[in-house]
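**Student:**
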RNA sequence: GCGUGGAUCGUAUAGUGGCAAUUACACGACGCUGUAAACGUCGCGCCUUCGGGCUCCGGGGGUUCGAGUCCCUCUCCACGCA
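Residue numbers (the numbering used here): 65 to 487.
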């Protein structure tokens, strides 16, 4: 018998919002806080599901937009759903496509624009002529009702509405799905953030309504009365936006907390959108102080070690991030002494493992010099070995946060790690 | 020996008589936070107070206001013919 979606809180930090807990899903439990591995197209790049599991991954997040484009959500459903198709039996999540509104929209054609801005850049980039600087036509166009995407695969046009996004996510069949939102650029001015937030709220309501109406359910067989218990097979998380503005963030957290459809609210919340690096955690805290304590909170797209500590401490339960796997493919790996780039000349004859204290498959068996050679030789194994290490590193870093929150040693754990990592 | 091509920044290439050098790879560094990303940006003769300065296209001569680019010659390489 599959378990219904639910969330239990076990321990809480005495002076902060942080907590440990368990999220129950039809495909198993997630011990929180937990790092969510990103496998956008239904695969964690360069890794087999067995390797992903071996790294300690509890849950994998894939992407609605990418799977809709290829192989198509109907095809995924025909292949038995996301879990079966990708041979991942644990919990899964799907992002709604809301991030692609940003990455194919405001950020398109300019890899210098990310969702995290630096204080030093924000002001100059807010200048309209710079913010609008884009040689390439945008691949996403927003209107009040939805977003027109131009496929990055073949250029074809596709229209996403909240209903469309949720419909696709129903077909994909992940355990936790997200409302369709607009991830705004950190360089948009306040009036735009406000306008986008109102739009995202309307879309959240529509996502919820569509989900309430059409989510696949598990009925209570043998009970034909009007009180038959019917449980949705998928949980829906609403997404807080509001950029770097305190008033908007708080408003968003309040609105989404209270949002409901025929008595049904969101099962949990995502905190999305853009941040300024220097006060990301302030923004996260604005949200978490308002969001209902008894529901899980997912900080979308955040995953550098420093940020993870801050997010956990301030009450986030889940985090997904492409950083560990993406930077791995590009030659960068985490160590307790900070990030290193294996493409640097100095690692060509370094016979140490990436991190001497790391228990991952890569560190147990290979040297920096060998992996550096694989990168230079453009061998696929380089990406695999580096991804295994980075994923293991980040997942276990968060696992350590969970364990030390339980044992009461979180503060020391954080201090010790960051002191060594940032020295 | 004769003939025909060649010789350009580590390698392979582009190159018009004009204020002096293209592209790729390699090399060096940096960046990457709900994946457009096994990717991107910058650097790659020397010096720089970042304005610029100096030196460069096998060697040596020459023509020209000016030559990697034209002429002569030498060296080396490739191919062909003896």
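Glycine included, every Cβ here is placed at the ideal spot set by N, Cα and C. Quick caveat, the model's predicted, so the values are computed rather than measured.
Can you name, in chain order, every residue of its own chain whose Cβ lies under 6 angstroms from the Cβ of residue 158, other than the five neighbours on each side?
**Tutor:** Here the set comprises 126, 128, 233, 236, 238, 241.
**Student:** Could you work out which residue in 332, 346, 448 is closest to residue 321 when comparing CA atoms only?
**Tutor:** Checked all of 332, 346, 448; the closest Cα to residue 321 is 332.
**Student:** Which residues mark the beginning and the end of the alpha helix (DSSP H) in which residue 157 is found?
**Tutor:** Element bounds for residue 157: not the alpha helix (DSSP H) but the beta strand (DSSP E), 156-159.
**Student:** Roughly how many angstroms lie between the CA atoms of residue 487 and residue 378, to the nearest whole one?
**Tutor:** About 24 angstroms.
**Student:** Taking the Cβ atom as the reference point for each residue, do residue 327 and residue 316 lie within a distance shorter than 8 angstroms?
**Tutor:** It is not a contact, given that the beta carbons lie outside the stated cut-off.
**Student:** Does DSSP put residue 453 in a helix, a strand or coil?
**Tutor:** Note: residue 453 maps to helix in three-state DSSP.
**Student:** Give the straight-line distance between the Cα atoms of residue 69 and residue 360, rounded to the nearest whole angstrom.
**Tutor:** Going from the Cα of residue 69 to the Cα of residue 360 covers about 11 angstroms.
**Student:** Less than 8 angstroms between the C-beta atoms of residue 303 and residue 313, yes or no?
**Tutor:** No; because the gap between Cβ atoms is not below 8 angstroms, this pair is not in contact.
**Student:** Can you give me the Cβ contacts of residue 182 inside the same chain, cut-off strictly under 8 angstroms, excluding the 5 residues immediately before and after it?
**Tutor:** Once the five neighbours on either side are set aside, the close Cβ partners of residue 182 are 340, 341, 342.
**Student:** Taking only three categories from DSSP, how would you classify residue 319?
**Tutor:** Three-state DSSP puts residue 319 in a helix.
**Student:** Please determine, among 118, 459, 139, 427, the residue with the shortest C-alpha to C-alpha distance to residue 539.
**Tutor:** For residue 539 there is no data in the structure shown, the boundaries of the chain being 65 and 487.
**Student:** How should residue 223 be labelled, buried or exposed, when 16 other C-beta atoms within 10 angstroms of its C-beta is the threshold for buried?
**Tutor:** Label assigned to residue 223: exposed.
**Student:** Which residues bound the beta strand (DSSP E) around residue 373?
**Tutor:** Element bounds for residue 373: not the beta strand (DSSP E) but the alpha helix (DSSP H), 369-377.
**Student:** Hey, could you find the ends of the alpha helix (DSSP H) residue 440 is sitting in?
**Tutor:** Here the alpha helix (DSSP H) through residue 440 covers 432-440.
**Student:** Relative to the C-alpha of residue 318, which residue among 299, 351, 301 is closest?
**Tutor:** Out of 299, 351, 301, 351 has the C-alpha closest to the C-alpha of residue 318.
**Student:** How far does the alpha helix (DSSP H) with residue 272 in it reach, from first residue to last?
**Tutor:** From DSSP, the alpha helix (DSSP H) with residue 272 extends over 254-278.
**Student:** Between residue 466 and the ligand ADP, is the CB less than 7 angstroms from at least one heavy atom?
**Tutor:** In terms of ligand content, the structure shown is empty, and the ligand ADP therefore cannot be addressed.
**Student:** Considering residue 400, what are the terminal residues of the alpha helix (DSSP H) in which it resides?
**Tutor:** No alpha helix (DSSP H) holds residue 400; DSSP gives it neither H nor E.
**Student:** Mapping the DSSP letters down to three states, classify residue 283 as helix, strand or coil.
**Tutor:** It is a strand residue.
**Student:** Identify which residue in 295, 369, 206, 214 has its Cα closest to the Cα of residue 277.
**Tutor:** Ranking 295, 369, 206, 214 by Cα distance to residue 277 puts 295 first.
**Student:** How about residue 103 and residue 154: do their beta carbons lie closer than 8 angstroms?
**Tutor:** Going by C-beta atoms, residue 103 is not nearer than 8 angstroms to residue 154.
**Student:** Assuming contact is defined by CB atoms lying nearer than 8 angstroms, are residue 416 and residue 431 in contact in what I supplied?
**Tutor:** Yes, they are a contact pair.
**Student:** Would you tell me roughly how many angstroms separate the C-alpha atoms of residue 449 and residue 110, rounded to the nearest one?
**Tutor:** Using only the alpha carbons, I get a separation of about 9 angstroms.
**Student:** Can you round the beta-carbon distance between residue 260 and residue 301 to whole angstroms, since I take them to be within the 8 angstroms contact cut?
**Tutor:** With a Cβ gap of about 19 angstroms, residue 260 and residue 301 do not count as contacting.
**Student:** Please work out which residues of its chain come closer than 7 angstroms, Cβ to Cβ, to residue 281, disregarding the five sequence neighbours upstream and downstream, and give them in chain order.
**Tutor:** If we look at residue 281 and ignore the five residues flanking it on each side, its Cβ neighbours are 294, 295, 296, 297.
**Student:** Mind reading off the beta-carbon distance from residue 465 to residue 457? Whole number of angstroms is fine, and I expect it under 8 angstroms.
**Tutor:** Contact flag wrong, Cβ pair sits at about 13 angstroms.
**Student:** At what residues does the alpha helix (DSSP H) containing residue 141 begin and finish?
**Tutor:** First-last of the alpha helix (DSSP H) with residue 141: 137-142.
**Student:** Would you call the region 392-412 and the region 437-452 touching, i.e. three or more CB-CB distances under 8 angstroms?
**Tutor:** The answer is yes - the region 437-452 touches the region 392-412, with three or more Cβ pairs under 8 angstroms.
**Student:** For the putative contact between residue 247 and residue 337, defined by C-beta atoms under 8 angstroms, what is the C-beta separation to the nearest angstrom?
**Tutor:** Residue 247 to residue 337, Cβ: 5 angstroms. Contact.
**Student:** In three-state DSSP terms, what is residue 423?
**Tutor:** In this structure, residue 423 counts as coil in the three-state DSSP scheme.
**Student:** Once you ignore the five residues that flank residue 400 on each side, which residues in its own chain have a CB closer than 7 angstroms to its CB?
**Tutor:** Answer for residue 400: 419, 421, 484, 485, listed in chain order.
**Student:** Taking the alpha-carbon positions, what's the residue 493 to residue 165 distance?
**Tutor:** What the structure shows of the chain is the stretch from 65 to 487, and residue 493 is not part of that stretch, so it cannot be assessed.
**Student:** Based on DSSP bridge pairs, tell me the residues matched to residue 334.
**Tutor:** Beta-bridge pairing links residue 334 to 303, 362.
**Student:** List the DSSP bridge partners of residue 181.
**Tutor:** Residue 181 pairs with 340.
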